[in-house]
Amino acid sequence: MNDPYRHPIDRREALLRISAALAAGGAVTAGGIFFHDRRIVSPSARPVPDWRTDEAHLPPGVIARGSDPAANVRRALDALGGVDRFVARGHTVLIKPNVGWDRLPEQAADTNPQVVAELVRLSLAAGARRVIVADISCNDPARSFEHSGIGPAARAAGAIVLVGPKIRLVRTRTGGPAAGLEVMEALLDADRVINVPVVKQHSLSLATLGMKNWFGVLGRGRARLHQNINHSIAELAATFRPTLTVIDATRILTANGPQGGSLADVREVHALAAGIDPVACDAWGATLLGLEPRRVGYIAAAEGRGLGRADPRLLEDLGTA
Amino acid sequence: MRRVIIIVLVLLPLAVLAVWIGVRAHRLRPKSAIPAGTSATAPGPQLPSPSSCGAAGRSQLEHYDRSTVYDWLDGGAAPYLDHGFTTSTVATYRFETGGRTLTIEAAAVRFASPRGAAAQAAAETPPGAAPVPGLPGAHSTRDVLVWCRGRDMLRLVSFTPGAETSGPFAALARAWLGGTAP
Numbered sequence: 001m002n003d004p005y006r007h008p009i010d011r012r013e014a015l016l017r018i019s020a021a022l023a024a025g026g027a028v029t030a031g032g033i034f035f036h037d038r039r040i041v042s043p044s045a046r047p048v049p050d051w052r053t054d055e056a057h058l059p060p061g062v063i064a065r066g067s068d069p070a071a072n073v074r075r076a077l078d079a080l081g082g083v084d085r086f087v088a089r090g091h092t093v094l095i096k097p098n099v100g101w102d103r104l105p106e107q108a109a110d111t112n113p114q115v116v117a118e119l120v121r122l123s124l125a126a127g128a129r130r131v132i133v134a135d136i137s138c139n140d141p142a143r144s145f146e147h148s149g150i151g152p153a154a155r156a157a158g159a160i161v162l163v164g165p166k167i168r169l170v171r172t173r174t175g176g177p178a179a180g181l182e183v184m185e186a187l188l189d190a191d192r193v194i195n196v197p198v199v200k201q202h203s204l205s206l207a208t209l210g211m212k213n214w215f216g217v218l219g220r221g222r223a224r225l226h227q228n229i230n231h232s233i234a235e236l237a238a239t240f241r242p243t244l245t246v247i248d249a250t251r252i253l254t255a256n257g258p259q260g261g262s263l264a265d266v267r268e269v270h271a272l273a274a275g276i277d278p279v280a281c282d283a284w285g286a287t288l289l290g291l292e293p294r295r296v297g298y299i300a301a302a303e304g305r306g307l308g309r310a311d312p313r314l315l316e317d318l319g320t321a
Numbered sequence: 001m002r003r004v005i006i007i008v009l010v011l012l013p014l015a016v017l018a019v020w021i022g023v024r025a026h027r028l029r030p031k032s033a034i035p036a037g038t039s040a041t042a043p044g045p046q047l048p049s050p051s052s053c054g055a056a057g058r059s060q061l062e063h064y065d066r067s068t069v070y071d072w073l074d075g076g077a078a079p080y081l082d083h084g085f086t087t088s089t090v091a092t093y094r095f096e097t098g099g100r101t102l103t104i105e106a107a108a109v110r111f112a113s114p115r116g117a118a119a120q121a122a123a124e125t126p127p128g129a130a131p132v133p134g135l136p137g138a139h140s141t142r143d144v145l146v147w148c149r150g151r152d153m154l155r156l157v158s159f160t161p162g163a164e165t166s167g168p169f170a171a172l173a174r175a176w177l178g179g180t181a182p
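Top line first, the protein sequences correspond to chains A and B. Position 49 of the first sequence, counted from 1, bears residue number 49 in the numbering used here, the numbering being contiguous throughout. Position 150 of the second sequence, counted from 1, bears residue number 150 in the numbering used here, the numbering being contiguous throughout.
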């Protein structure tokens, strides 16, 4: 039956209407693709692994003293049973120093390069398939890695050094203050993680040590964590559980941290602590700055959350080499 | 023919919309995954051109304001903000002196008031720093110079500890005082 209100369409008009529909659909799809931000809504946000090993029988940490930073690393790790207790053949090890600043080793704003290089060598000697050294610097990344000496030293020791644009960031399932912030992908891919901060005074949190060092694995927007810094640091410490913490106190920055610059603010301590209790290690670092560990807000908060014990006496002092 | 015109008229706004969406998305999308830590176009206190202070070169200027100061100084931003920090300009200069390369980081920092600038300068002046001849109010050691002028503060940091820096420090500070445009 013919519908008087419906005109038959010819082939040409049908093609035109289909083209119009396809164009409209294409425009909407293109808009969706442009506006869609995978970093915010991706359902494939990755979990953060726990890199700790089952080492309940070990002491929480040890302290090694001496004028040779590399020797201090070897003595400390030997006392903990050797690196191969933590790193196995085929592992990918990520070493996370503090390379936040475009500063020289003498200025003590970044981790000592010899400490980092020795950790690279020991990890490779233990059979690690590859060792990655990475940090997201506050200052220009290339200059920070170069001036701090960490880039050249780590490369010479055999590490892959990730600087600036080489660092890929991904969404993770982190909660709390860091929710929504991206994390360096190499960290999540690692089998073992060694956190290697330097001891520094910090204007806001009093001290920057191991737990604060996790700021350096976070991408754009991390500055907002400063608003409630003690809570944020404790939250990061609960999220990122390293295999080892190595607190570098070869030189420490006692004022105008964390950036520093003046040698008058630097004190040579020639020591380091290595351990599996990040809170105890930070507690020791705090004492070097003349701080009572439990008066440092995030150390007390981390202890309160059961992440470790804020007691530097738990660390065995190996004495001076 | 009339239908073709109608369809084109319908498609044209869609095409314009698609282009607009593309342009907006391009502008909104972050350029880099790494925190740049700098608002590159923000105005701020001036740093001198390399030629005006005898430097062989200078890195790209970085500008910071109250919303990005934590990217520059991390926790060190807290006292700056307490003292009324508003903006800063930072760069690294390269001097060639006596066959040796001397690198100096310069930061020109503006505060809301001279009082805030003076307080921050006092806090950053190293113990034992000596007055700099010809630069009233400036103090320096071999590795750091701090100078407060009105509501602006100049901070110079040497990357060659122990090296003789008095010449380049003074040249940079004088050029800064002269307000040489970059």
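Note that beta-carbon positions come from the ideal geometry of N, C-alpha and C, so glycine has one too. Computed from a predicted model, the values in this text were never measured in an experiment.
For chain B, the residues of the region 88-106 of chain A that bring a beta carbon within less than 9 Å of one of its beta carbons are Gly-100, Trp-101, Asp-102, Arg-103, Leu-104 and Glu-106, in chain order. Within the DSSP bridge table, the entry for Thr-172(A) names Arg-46(A) as partners. If only uninterrupted alpha helix (DSSP H) runs of at least 4 residues are considered, those enclosed by the region 213-272 of chain A are 229-239. When secondary structure is reduced to three states using DSSP, Trp-147(B) falls in the strand class. DSSP assignment within the region 147-172 of chain A yields the following whole alpha helix (DSSP H) runs of 4 residues or more, N-terminal first: 150-157.
By the criterion of a C-beta distance shorter than 7 Å, Pro-161(B) is surrounded in its chain by Asp-143, once the five residues flanking it on both sides are discounted. Under the DSSP assignment, Asn-139(A) falls outside any alpha helix (DSSP H); it carries neither an H nor an E label. Counting every other CB atom within 10 Å of its CB across the protein chains shown gives Thr-174(A) a total of 16 or more, marking it as buried.
The three-state secondary structure of Gly-25(A), taken from DSSP, is helix. With 16 or more neighbouring CB atoms inside 10 Å of its own CB, Glu-182(A) falls in the buried class.
Distance from Gly-260(A) to Arg-103(A) at the Cβ level is roughly 7 Å; contact confirmed, criterion being Cβ atoms closer than 8 Å. Contacts with chain A (Cβ-Cβ distance below 9 Å) from the region 126-145 of chain B involve Pro-126, Pro-127, Gly-128, Ala-129, Thr-141, Arg-142, Asp-143 and Val-144, listed in chain order. DSSP, read as helix, strand or coil, puts Val-115(A) in helix. Residue state for Asn-72(A) is assigned as helix, using DSSP reduced to three classes. Under the 8 Å criterion on CB atoms, Asp-71(B) is classed as interfacial with respect to chain A. A residue is called buried when at least 16 other Cβ atoms come within 10 angstroms of its Cβ; Gly-306(A) does not meet this threshold and is exposed. The three-state reading of DSSP puts Thr-320(A) in strand, counting E and B together. Within chain B, no residue has its CB atom less than 8 Å from the CB of Ala-301(A), the nearest being about 16 Å off. Only His-202, Ser-203, Leu-204, Ser-205 and Thr-208 from the region 197-211 of chain A bring a Cβ to less than 8 Å from some Cβ of chain B. Residue state for Val-83(A) is assigned as helix, using DSSP reduced to three classes. In the DSSP assignment, Asn-195(A) is bridged to Lys-96(A) and Thr-245(A). Taken through DSSP and simplified to helix, strand or coil, Gly-275(A) comes out as strand.
Ranked by Cα distance from Gly-98(B), the options Ala-18(B), Gly-167(B), Leu-11(B) and Cys-148(B) are led by Gly-167(B). When Cβ pairs closer than 8 Å are counted between the two stretches, the region 81-91 of chain B is seen not to touch the region 131-139 of chain B, the count staying below three.
Rounded to whole angstroms, the gap between the alpha carbons of Thr-53(A) and Arg-192(A) is 9 Å.
Neighbours of Phe-95(B) across chain A, judged by C-beta separation under 9 Å, do not exist; the nearest C-beta is about 16 Å away.
Shown here, Val-296(A) sits in coil according to DSSP, grouped into three states, outside any helix or strand. Secondary-structure assignment with DSSP links Leu-102(B) through a beta bridge to Phe-95(B). Contact check between the region 216-228 of chain A and the region 296-315 of chain A: fewer than three CB pairs, one atom from each, fall below 8 Å, which does not count as touching. Thr-287(A) sits in a helix when the DSSP states are folded into three classes.
About 6 Å separates the Cβ atoms of Ala-271(A) and Ile-63(A), confirming a contact at the 8 Å cut-off. Between Leu-12(B) and chain A, the shortest Cβ-Cβ separation is not below 8 Å. Judged by their CB atoms, Arg-46(A) and Thr-243(A) are not nearer to each other than the 8 Å cut-off. With the rule of 3 Cβ pairs closer than 8 Å, the region 54-67 of chain B does not count as touching the region 80-90 of chain A. For Pro-165(A), the closest of Val-196(A), Asn-195(A) and Ala-186(A) by C-alpha to C-alpha distance is Ala-186(A). Counted as a single uninterrupted DSSP element, the alpha helix (DSSP H) harbouring Arg-174(B) occupies residues 166-177.
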